[in-house]
Every structure is written in C-alpha cells, then in structure tokens.
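Enquirer:
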Amino acid sequence: EDLYERPLGEPAPFRAEDSETAFLTDRFLEWLEGQGETPWFAHLSYIKPHHPYVAAAPWHAAVSPRDVPPPVRAPSLAAEAAAHPWLRLHLELGYGGWTARHLGQPRDLDRARVARMRAVYYGLVAELDHHLGRIFERLAARGEMDRTLIVFASDHGDMLGDHWMLNKLGFFPQAFHVPLVIRDPSPEAVRGVRVEAFTEHVDLMPTILEWLGIEVPLQCDGRSLLPFLRGEPPADWREAAVYEHDFRDLEEGRFEQRLGLSPEACCLMVRLGRKRAYVHFAALPALCYDLERDPAWLTDIAEDPARRAEVLAEAQALLSFRMLRNERRLSGALLTPSGVRGRFDPH
Numbered sequence: 337e338d339l340y341e342r343p344l345g346e347p348a349p350f351r352a353e354d355s356e357t358a359f360l361t362d363r364f365l366e367w368l369e370g371q372g373e374t375p376w377f378a379h380l381s382y383i384k385p386h387h388p389y390v391a392a393a394p395w396h397a398a399v400s401p402r403d404v405p406p407p408v409r410a411p412s413l414a415a416e417a418a419a420h421p422w423l424r425l426h427l428e429l430g431y432g433g434w435t436a437r438h439l440g441q442p443r444d445l446d447r448a449r450v451a452r453m454r455a456v457y458y459g460l461v462a463e464l465d466h467h468l469g470r471i472f473e474r475l476a477a478r479g480e481m482d483r484t485l486i487v488f489a490s491d492h493g494d495m496l497g498d499h500w501m502l503n504k505l506g507f508f509p510q511a512f513h514v515p516l517v518i519r520d521p522s523p524e525a526v527r528g529v530r531v532e533a534f535t536e537h538v539d540l541m542p543t544i545l546e547w548l549g550i551e552v553p554l555q556c557d558g559r560s561l562l563p564f565l566r567g568e569p570p571a572d573w574r575e576a577a578v579y580e581h582d583f584r585d586l587e588e589g590r591f592e593q594r595l596g597l598s599p600e601a602c603c604l605m606v607r608l609g610r611k612r613a614y615v616h617f618a619a620l621p622a623l624c625y626d627l628e629r630d631p632a633w634l635t636d637i638a639e640d641p642a643r644r645a646e647v648l649a650e651a652q653a654l655l656s657f658r659m660l661r662n663e664r665r666l667s668g669a670l671l672t673p674s675g676v677r678g679r680f681d682p683h
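Positions 337 to 683 (our numbering) are the ones given, in order, by the sequence shown.
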C-alpha cells in the first residue's frame, strides 16, 4: 500500500511495534546488550516524525485535531504571496510528487486539514517520546544513566501549514528551528535549565568532544555548550543564529526561469536575532521583520524609509558574519625555519 495515498488521520496498516520508530529502538536495545562494560557511542537517526504523516494505532489518535495550535500565516494565500517574489512563485507552483498526493497544494491548506496533519505529526512525536523512554529505562537498569551524555536534536523542522507552506524550505524559522535537549550526567551539571541563547548544529561536535576530554579541532565553527550545561553561560556568546537555503530547481529550472536567476543566485541567508530577522537573497529584494512587534514574520520593514538604519545594521552584521567565517586555511600562518607558526597546532 502507498502510505502517501492514505487519508490523514487514518491509522497505518501495520502494528505500532512494527513502525520505523519501534524497529530502530529494538535494534539499538539489542545492540546495547552486547556492549557489556565497554564504552560505547551510538547515533540513533529516527526518521519519524516525518512524511508520510501516518501513525500506527494508538499513536494516530494520541492527539486530537481540536487541541493543536492553528497555523501562523497571512489571512489569505494571496496576502501571503504578496510578501516577496520568491514566496509568490513558490505558492503558485505548489507541490508535486508525494506532497501533492498526501497533503495537497497551498490552496488546500484550510484550517481543518492543517489541524488533522498536525495532530498526526504530534502523534508521531508522542510515539518517539515513548520509545526514548524505553531507552532511558534500559540505561538506568544497566546503571549507565550517570555516565552517559544524551543529546537529542533534529535535522530540520517543518512548515506544517504555517505561511501556507509545507515541508522544509524557505526562510521562515519553522523549517529551521529544531529542539535541542542535552542531559549531562556530570555532578556539576545543572538540571531543568532552559537556555535562551542561540545555539546551532555546529555546536554539537565541540560539545561532545569537550565532554569526552578530546581537543576540539581548529576548523570547527561551533563552540562547546558545556558552559551552559554547567550553569556558566559565556559572556561572549553569539547574538544571532544564521541559516541558509538553496532553492535552485535542478530538475526543471522553474525558479531560475521565472525569477530570471542563475542557479548560483538561487540562494538566501537569514540572520535571526532577538529584535529582528533579516533575509538576504543573492539577487532578489531583501526582507526584514521586527520580531518585537511582528513575531509571526508577516510585515516586511526592509523598504520602510523610517527603518532603513535598522535594516542596514542587519545587513552589515550578516556581512561581518560571512567575513569572519571565510575560507581561512592558510590565513594566520607563518612559515619559519623552525616550522609553521601562528594559528595552527604545531603538532
């Protein structure tokens, strides 16, 4: 059976114990039993929650559509599309393949359909939560919770009907903002703390390496999060998060042709700060949002003459970010008779 053809909200045609989430958990627990007292590292890459939005019973009905939040978006599809040429074209072109069959087009995303879609998505989250609980219980039974670092994160978010969109694309934070939960078993670690600082995926590698007592390689762009886990947030932490999206259409070239862009120009970069979000396109108009007055990203201030200084400051901050992270393989190095000196580790 093609799960993408299954109506939203109907249970999957298989048992909950046969789902992808249950399968991966079972295989990990089997593997764990074979480790004995040997130190181990495991990366569990759960696919769900993910399309197709189909959950096995009882998870398909774990969350009622009546209990999910409504989509964040402009009052109409036309009003949303008017915000920017890229957004207008994306909403006009709509979706093909499995998305069209399973979820429909932007015009089909009425509140009832979005609610059904989100309810199933949250049911898949609940299923994942259940199986993570199985893992934690097994670690506790093995006496390993007090010496195991646990990191829970995700690769991307999902629009889920916000801004009349689906999937993992565009520039809105719904597609990029993901959970990050870390449990540090160290005695000096704090518990139950919610960190409001901007963290990024590039911080995960330095965090794990430092926790293991391994030197962080020079080329890492991220920084260790251990100070946050120990209740000592760094004073010089980043003031914004930066993310990018490449929207070139390699199959049909629709964005290139319709927007008059080269493939290389089909890209955007976002600087998300506390007060403003700035969206820079390589060859299309920029966008800027006042997050204090407009947390839903519905009113662009980029062309407002009265806000020009604020927008310029955001653009300059993004430029500085790029300059500080340019290719630097040979920068800061000096060849001397005694060897390479400078920013490189001499060993």
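Note that the Cβ used here is the ideal one computed from N, Cα and C, for glycine as well.
#1: Please name the residue in Arg-470, Asn-503, Asp-572 and Pro-641 whose C-alpha comes closest to that of Leu-365.
#2: What is the rounded straight-line gap between the Cα of Asp-362 and the Cα of Leu-597?
#3: Per DSSP, Ile-486 forms a beta bridge with which residues?
#4: Could you tell me the distance, in whole angstroms, from the CA atom of Arg-665 to the CA atom of Ala-576?
#5: Just mark Leu-532 as buried or exposed, buried being the case when its beta carbon has 16 or more other beta carbons within 10 Å.
#6: Quick one: is the Cβ of Ala-462 within less than 7 Å of any heavy atom of the ligand MG?
#7: Return the first residue and the last residue of the alpha helix (DSSP H) that Leu-469 is part of.
#8: As a quick exercise: from Thr-484, Ala-477, Gly-433 and Asp-494, pick the residue whose alpha carbon is nearest that of Tyr-458.
#9: Can you tell me whether Glu-580 is helix, strand or coil according to DSSP?
#10: What's the gap between the Cα of Phe-534 and the Cα of Leu-360?
#11: Do Tyr-625 and Ala-613 have their C-beta atoms closer together than 8 Å?
#12: Thinking C-beta only, is Leu-427 closer than 8 Å to Ala-417?
#13: Report the option in His-379, Asp-498, Pro-388 and Asn-503 whose CA atom is closest to the CA atom of Ser-412.
#14: Please confirm if the segment 439 to 453 is in contact with the segment 366 to 375, defined as three or more CB-CB distances below 8 Å between the two stretches.
#15: Determine the direct distance from the alpha carbon of Glu-536 to that of Trp-544, and round the result to whole angstroms.
#16: Look at Ala-489 and Val-461 and say whether their C-beta atoms are less than 8 Å apart.
#17: Is DSSP giving Thr-535 helix, strand or coil here?
#18: Which first and last residues belong to the alpha helix (DSSP H) in which Val-606 is found?
Expert: Taking the definition as stated:
#1: Looking from the CA of Leu-365, the closest CA among Arg-470, Asn-503, Asp-572 and Pro-641 belongs to Arg-470.
#2: Each residue's Cα considered, the two are about 48 Å apart.
#3: Answer is Arg-519, bridged to Ile-486.
#4: One C-alpha to the other measures close to 25 Å.
#5: The question names Leu, but residue 532 is Glu in the sequence shown. Burial call: exposed.
#6: The ligand content of the structure shown is nil, which means the ligand MG is not present either.
#7: Checking the sequence shown, residue 469 turns out to be Gly, not Leu. That run of the alpha helix (DSSP H) goes 447 to 477.
#8: Nearest C-alpha to Tyr-458: Asp-494.
#9: Strand, per DSSP.
#10: Distance between the alpha carbons of Phe-534 and Leu-360: 31 Å.
#11: In this structure, Tyr-625 sits near Ala-613, with a CB-CB distance shorter than 8 Å.
#12: In this structure, Leu-427 lies closer than 8 Å to Ala-417 by Cβ.
#13: Checking every option, the nearest Cα to that of Ser-412 belongs to Asp-498.
#14: No, they do not touch.
#15: Reading off the sequence shown, one finds Ile at residue 544, where the question assumed Trp. Cα to Cα, Ile-544 sits roughly 14 Å from Glu-536.
#16: Note that the C-beta distance between Ala-489 and Val-461 is not below 8 Å.
#17: DSSP places Thr-535 in coil when its eight states are reduced to three.
#18: Looking at the DSSP string, Val-606 is not in any alpha helix (DSSP H); the run it does join, the beta strand (DSSP E), is 603 to 608.
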